Structures are given as C-alpha cells and as structure tokens.
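Engineer: Converting from the sequence shown to this note's numbering requires adding 3 to each position, the first position being numbered 1. Idealized CB from N, CA, C, for every residue including glycine. If you're wondering where the values come from, they're calculated on a predicted model, not measured in any experiment.
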Amino acid sequence: VIEEMLEIVTQLTFYSPAISERMWTLFPRILGIMPTWGVDFFQEFIPVVDNYISRGTPFFIQQYLQSTNTMLEAAIVRFQTSEEGDGFGTEEEVYTGVAEIIQVILENCKGMVDHCVKPYASLVVAAMMKNDAPNEPFEDPHVMEALLIAGADALYYNPILTMNAMQENGHLAYFMQALGHAVSRRKKRSGKLYHFTSKREKKTVILGLAAVMATPPDALMPGMRQSIPQIAAAAIAMLMDLKKQEEASNRPGTGASGMSARSQESTDVGSRCLSDSGDDDDDDDDDDDDDDELTGYLADMRKLRGASGGDDWEEDESLDLLLSLHEDDQVLISPLDDVCAYTTFKEACARLRGGDETGFMTAVGLLNDEQKAWLEQLLSGSP
Numbered sequence: 004v005i006e007e008m009l010e011i012v013t014q015l016t017f018y019s020p021a022i023s024e025r026m027w028t029l030f031p032r033i034l035g036i037m038p039t040w041g042v043d044f045f046q047e048f049i050p051v052v053d054n055y056i057s058r059g060t061p062f063f064i065q066q067y068l069q070s071t072n073t074m075l076e077a078a079i080v081r082f083q084t085s086e087e088g089d090g091f092g093t094e095e096e097v098y099t100g101v102a103e104i105i106q107v108i109l110e111n112c113k114g115m116v117d118h119c120v121k122p123y124a125s126l127v128v129a130a131m132m133k134n135d136a137p138n139e140p141f142e143d144p145h146v147m148e149a150l151l152i153a154g155a156d157a158l159y160y161n162p163i164l165t166m167n168a169m170q171e172n173g174h175l176a177y178f179m180q181a182l183g184h185a186v187s188r189r190k191k192r193s194g195k196l197y198h199f200t201s202k203r204e205k206k207t208v209i210l211g212l213a214a215v216m217a218t219p220p221d222a223l224m225p226g227m228r229q230s231i232p233q234i235a236a237a238a239i240a241m242l243m244d245l246k247k248q249e250e251a252s253n254r255p256g257t258g259a260s261g262m263s264a265r266s267q268e269s270t271d272v273g274s275r276c277l278s279d280s281g282d283d284d285d286d287d288d289d290d291d292d293d294d295d296e297l298t299g300y301l302a303d304m305r306k307l308r309g310a311s312g313g314d315d316w317e318e319d320e321s322l323d324l325l326l327s328l329h330e331d332d333q334v335l336i337s338p339l340d341d342v343c344a345y346t347t348f349k350e351a352c353a354r355l356r357g358g359d360e361t362g363f364m365t366a367v368g369l370l371n372d373e374q375k376a377w378l379e380q381l382l383s384g385s386p
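Now the structure itself:
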C-alpha cells in the first residue's frame, strides 16, 4: 500500500505545473513517517521528497526545511539507538537515504541554505567515522560512497563554508583523506574506479574538487593549499574516466550500462589529503564485483519472469526492461544535470592560474604525461 501511495504522490508532484496547497499538506505527514516505520521504504521516499524540494523550493525552505532537517537527525538517532533485529531498517536504508536527501537539498537550494552546511557536514562526517569504529564497519561499502558524495555536494555548494565547518570540528583532514582513497582506488584487472561508478557520481565529485581548486588561495588553510596538486590530479583522473564512460555509452549499439552494480587536525592536511595510492590488497575485488552483478542479474530476471505471469516469456523481449533496472545513472533530475563538469574544471583552472603561471604549473605538477596532454587539450578546446 505504501509503495502505491508514494507512486501516486510522485506522479502528482512531478507532472503538475506547481505543487498545490493541498498536496503540500501531505509533506509533513511524509516527514513524520520516514524516521519511524517508513524507514523501510526510505529509497521510495526519495523521489517524492525530491519533487517537493525541486518544484517548490522557496516554499520548502520557508516552511519545511527545518522539519526536514529534524527528520534526518531523528532517522540517524533512532537507528543508532535501536536494538538489533527490531526491524528498524538497515544502515544502507538509513545512512544512504539521509545522504541522498542532503544531496537533493544542497543541489536544489544552492546559495539559500548556508546555515545548513555545518550541520550537514557534521552529520556526514559523524556517520563516516562510525564506519571506522572498531568492529562497526558498514556492511555495505556503498553507504560510504553516498556520504562522500554528500560531502562533495557540500563542497560544490560552498567550499569555504564546508571546509571551515569540517575544520572547526577537526574533521577536514579525515574527510579529504577518505575522499582521496575513494577516488584513487581502482580495480586491479580492469583499471576502472572501484567507487563512484555512475556518471552522475563522478560528476558530483569532480564539481566538489573543482570548487576547492577555484577557492582563492588566501581563503584556504595552509594544508589545503599544499594539497591542490593532489586535488587537481584526482579531478583530472576522474574527468578522463567520465569522458571514457560517456563515449562508451554513446557508442553505436550501446545503451544503458547494463550490469552495473549499484584525525588528527593540523596544517599537515596537504600531506594526507588525496595522497592514498589506491592500491588494494584484496585480489578478489573484481571477482566480488562480478558476483554482485551476476546476483543482481539473476534477481532481476526472476523479477521479469514474475511480472510476465510465469515461465512463458522471452529473455530478448525483456532486455530493455532489464537494462532499465540497471540504468547507470539515477532517474532523479538534478540542477547538476545542466552543469558541465569540463567547463567547470576549466573555469577552476583559470581561477587557479589567475595570472600566476608558475603557481598553476605547480598545481598540475603531479600529472603524468597522459594527464598533462589531456589537460592541455581540454584547456585549448575539448577533450
């Protein structure tokens, strides 16, 4: 019943020219459900919340921003205080859902919710640090990805506010180190990124890193100024990956990506930020990934079989539906869809250069020959 209700509300809030006053009366009820028994449907709530925020942004900020923030905190607190086996969702449902709602708010309310940056940054980092607690790692590594993407969204929203908030709590070095490890970790056989596999995820992280690069040097902590070469190298590596992924998806005969699986604080931030080599001792990374993809494939084939009413169905005829279940990027529409990652990075390089060619060359000094050639082509035209 709840899934059907959410589907109806999603359709009504998406296709209507504007969200009516009567439809808005449902929103506080939705917020009341989400941190309680509705947490088991957290992912189903995301499109509804996204529609309310994106299609009625001023009214949302005025009337429901605070209650939404209260709901996010309540969901985290209730999960952390719940007893194992009490049926209150899973870590993936709670932390991933909270991170995605933070992303929706920051992306749709850019420049209008500055006061939320600090509590959001604190919430994200606190959840990440829980993963590092002894004997308490997240069962699903994708939870950390969602939290890191929310942090990258905060950097893109306002890099100075975000970095200051993390620095104030002594967590800036920790966050940047975690982000650095994630953007540098690659699968041994394929060489592809282990994390941030979708185009949207790559783009969000790139925009966050580019925002840090574009920050005036005198507004950066000394450690962050020293880490700009590592940040630039990470951003360019991800831009190159994004370009390859876009070219592959646009290649004739290809469509959807198919089987994609879904603190010490001081001025030494630079020596720790984005400096992880990305080497991984787990030789089974790619095997695990393949197993996850196969498991997802078999589950969806069973789902298609059930939807067709039995065994009388053709796999070829269901291919489009199967691929739609594994679409590379999320269905949600975001203001970031209209932002070009390449143009944003070029603008960041222009600000970084700022008439100081020597400083710019130092900033890109960690690039290898291939990355240097790619950057030169990007700055002179398009890659």
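On a CA-only basis, which of Ile239, Asn253 and Asp341 is nearest Trp377? Give me that one, please.
Structural biologist: If you number the sequence shown from 1, residue 377 lands on position 374. Among Ile239, Asn253 and Asp341, the Cα nearest to that of Trp377 belongs to Ile239.
Engineer: Using only the alpha-carbon positions, how far apart do Glu406 and Val116 sit?
Structural biologist: Lying outside 4 to 386, the shown extent of the chain, residue 406 is not represented and no answer is given.
Engineer: In three-state DSSP terms, what is Leu109?
Structural biologist: Start at 1 with the first residue of the sequence shown, and residue 109 comes out as number 106. Helix at Leu109.
Engineer: Give me the residue from Pro232, Thr218, Lys202 and Glu76 with the minimum Cα distance to Asn253.
Structural biologist: Mapped onto the sequence shown, residue 253 falls at position 250. Per the Cα distances, Lys202.
Engineer: Starting from the Cα of Leu382, find the closest Cα among Lys246, Met131, Lys349 and Leu223 and give me that residue.
Structural biologist: Counting from one through the sequence shown, the residue named residue 382 turns up at place 379. Ranking Lys246, Met131, Lys349 and Leu223 by Cα distance to Leu382 puts Lys349 first.
Engineer: Are the region 95-112 and the region 61-75 in contact at 8 Å, needing three or more beta carbon pairs?
Structural biologist: With a cut-off of 8 Å, the region 61-75 and the region 95-112 count as touching, because enough Cβ pairs lie within range.
Engineer: Quick check on the DSSP output: the alpha helix (DSSP H) that includes Pro31 runs from which residue to which?
Structural biologist: Looking up residue 31 in the sequence shown gives position 28. Phe30 to Ile36 is the span of the alpha helix (DSSP H), which, as asked, contains Pro31.
Engineer: What is the DSSP secondary structure of Lys195, counted as helix, strand or coil?
Structural biologist: Counting from one through the sequence shown, the residue named residue 195 turns up at place 192. Note: Lys195 maps to coil in three-state DSSP.
Engineer: Helix or strand or just coil, what does DSSP make of Arg254?
Structural biologist: Numbered from its first residue, the sequence shown carries residue 254 at position 251. Three-state DSSP puts Arg254 in coil, outside helix and strand.
Engineer: Three-state secondary structure (DSSP) at Arg188?
Structural biologist: Counting from one through the sequence shown, the residue named residue 188 turns up at place 185. If DSSP states are grouped into helix, strand and coil, Arg188 belongs with coil.
Engineer: So, helix, strand or coil for Glu204, using DSSP?
Structural biologist: In the sequence shown, residue 204 corresponds to position 201, counting from 1. DSSP places Glu204 in helix when its eight states are reduced to three.
Engineer: Return the residue from the list Thr28, Gly59, Asp359 and Arg25 that minimises the CA-CA distance to Phe17.
Structural biologist: Along the sequence shown, read from residue 1 onward, the residue named residue 17 stands at position 14. Closest by alpha carbon: Gly59.
Engineer: With distances taken between CB atoms, is the gap from Glu76 to Ile152 smaller than 8 Å?
Structural biologist: By one-based count along the sequence shown, residue 76 stands at place 73. By one-based count along the sequence shown, residue 152 stands at place 149. Contact: no.
Engineer: Are the region 211-223 and the region 352-362 touching by the rule of at least three beta carbon pairs closer than 8 Å?
Structural biologist: Yes, since at least three Cβ pairs between the region 211-223 and the region 352-362 fall closer than 8 Å, the two stretches touch.
Engineer: If I measure Cβ to Cβ from Ala213 and keep anything under 7 Å in the same chain, skipping five residues before and after, which residues do I get?
Structural biologist: Walking along the sequence shown from the start, residue 213 turns up at place 210. Ala238, Thr347, Phe348 and Ala351.
Engineer: To which residues of the same chain is Ala185 closer than 6 Å at the C-beta, ignoring the five residues directly before and after it?
Structural biologist: Counting from 1 along the sequence shown, the entry for residue 185 is found at position 182. Leu151 and His198, listed in sequence order.
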